[in-house]
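*Asks:* Quick one: the structure is below, and I'll ask about it shortly.
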């Protein structure tokens, strides 16, 4: 029995010995833990007993030429110096002593803090240095005073964006000291924002709060019957807004509660022929640019019927009342009515839709 016990003890000792024998490329900690050799003297307690960072082991530790040696023996890439991050763990790589002595390569800019950044990052309105030394005010272009506003950060913006309730500068200097009184050619939204007068009552929520579409001038509310809308108008359910009846079931949401686009079965009306196409079996109106574009926008596919008759080439405009007339883009919005119905001049100021190739 004693012999078996002795054999078991030696087997256990042998097993423990081989368990703690580290592999090539590994460092044996004093606590018998094995770690990567490269983790030795890197400033981190990888052994958990700090034996990989012992002074007697690391006092002659060196870093490769493309690395910086921290006082705690950690080696970090040179590009990590003076970048605003504490990579050494003791802020040594971000200290004034380290950064003031640093020299940047010829293709980089030296920040006041010692950080090196690409030359292309200077004077781009971004504080890449962290101390704004790459963005000196004297380096900014001079804004044109008649059409531009100079922001405090040097950025030039459209002068009409001043006091429009939007932070266009990025530092809000275009909104500082604004009383938000709009000019005679502008409409003042409930939010205080100023928009061009001609943006009101166009079916688009330009104010962001729909106040440009609920204005009393939109549908002549001064002469409207008490509590109702005219016979050629539709009344939205929630806010009682009166909109033109032709906007009912036209595919565009004009009421905030979507009531103008609900229960459209059986609703018939004329679509605006200048810019809209009426689907055959429904009341839906779609943009004329969507006709014969290869996509079925009408539920009955009527917008893709008889497309073989389409004769306009790519980047040409087809007149609304005469599909045989195709105009080049040069004739659009040139001040002359080249289409019999003038549709080549009605889309000006908006994105002009042209006929694309590949129709079915």
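Numbering (this note's numbering), first residue to last: 69 to 428.
Note that the Cβ used here is the ideal one computed from N, Cα and C, for glycine as well.
A quick note: this is a predicted structure, and the numbers were derived from the prediction, not measured.
#1: In the DSSP assignment, find the beta strand (DSSP E) that holds residue 396 and state where it starts and stops.
#2: So, do the stretch 168 to 187 and the stretch 133 to 153 have three or more beta carbon pairs nearer to each other than 8 Å?
#3: In the DSSP assignment, what residue or residues form a beta bridge with residue 135?
#4: Does the separation of the CB atoms of residue 227 and residue 215 fall below 7 Å?
#5: For residue 264, which beta-bridge partners are listed by DSSP?
#6: Using a Cβ distance threshold of 8 Å, determine whether the stretch 116 to 123 contacts the stretch 98 to 105, with at least three qualifying pairs required.
#7: Does DSSP put residue 289 in a helix, a strand or coil?
#8: Rounded to the nearest angstrom, how far is the Cβ of residue 137 from that of residue 131, given a contact under 8 Å?
#9: I'd like to confirm the pairing. Which residues does DSSP put opposite residue 225 in its beta bridges?
#10: Closest by CA to residue 328, which one among 345, 353, 347, 344?
#11: For residue 111 and residue 135, which I take to be in contact (beta-carbon distance under 8 Å), what is that distance rounded to the nearest angstrom?
#12: So does residue 412 have its beta carbon nearer than 6 Å to some heavy atom of the ligand ADP?
#13: Roughly how many angstroms lie between the CA atoms of residue 289 and residue 258, to the nearest whole one?
#14: How many angstroms separate the CA atom of residue 345 from the CA atom of residue 339?
#15: Does the distance from the C-beta atom of residue 262 to that of residue 250 stay below 7 Å?
#16: In whole angstroms, what is the alpha-carbon distance linking residue 305 and residue 297?
#17: To the nearest angstrom, how far is the alpha carbon of residue 274 from that of residue 280?
#18: With DSSP run on the structure shown, which of helix, strand or coil describes residue 329?
#19: Pull up the DSSP beta-bridge partners for residue 91, would you.
#20: Residue 186 lies in the beta strand (DSSP E); which residues open and close that run?
#21: Tell me whether residue 312 is buried or exposed, calling it buried when 16 or more other Cβ atoms sit within 10 Å of its Cβ.
#22: Is the shortest distance between the beta-carbon of residue 140 and the beta-carbons of chain C less than 7 Å?
#23: Residues in its own chain within less than 7 Å of residue 92 by CB, not counting five upstream and five downstream?
#24: Can you look up residue 168 in the DSSP assignment and give me helix, strand or coil?
#25: Closer than 8 Å by C-beta to residue 173: which residues in its own chain qualify, once you throw out the five before and the five after it? Chain order, please.
#26: Can you find the residues in the same chain that come closer than 6 Å, C-beta to C-beta, to residue 211, ignoring five residues on each side of it along the sequence?
#27: Please name the residue, chosen from 195, 109, 133, 115, that lies closest to residue 124 on a Cα-to-Cα basis.
#28: On the criterion of 16 or more Cβ atoms from any shown chain inside 10 Å, does residue 69 qualify as buried, or is it exposed?
#29: Taking the CB atoms as reference points, tell me whether residue 332 and residue 317 lie closer together than 7 Å.
*Replies:* The answer reads as follows:
#1: 394 to 396
#2: yes
#3: 145
#4: yes
#5: 254
#6: yes
#7: With a pLDDT of 47 at residue 289, under the threshold of 50, the predicted position of this residue should be treated as unreliable, though the coordinate-derived value follows. Helix at residue 289.
#8: 4 Å
#9: 217
#10: 353
#11: About 12 Å; that fails the 8 Å criterion.
#12: Absence of the ligand ADP is noted for the structure shown, with no ligands found whatsoever.
#13: The predicted model places residue 289 with a pLDDT of 47, which falls under 50 and marks its position as unreliable, so this point remains unresolved.
#14: 6 Å
#15: yes
#16: 12 Å
#17: 7 Å
#18: helix
#19: Residue 91 is not bridged to any residue.
#20: 184 to 186
#21: buried
#22: In summary, chain C is missing from the structure at hand, where a single protein chain is found.
#23: none
#24: helix
#25: 184
#26: 218, 224
#27: 109
#28: At residue 69, the pLDDT of 47 sits below 50, so the modelled position is not reliable; the number obtained from the coordinates is stated separately. The residue in question, residue 69, is exposed, as its Cβ has fewer than 16 Cβ neighbours within 10 Å.
#29: yes
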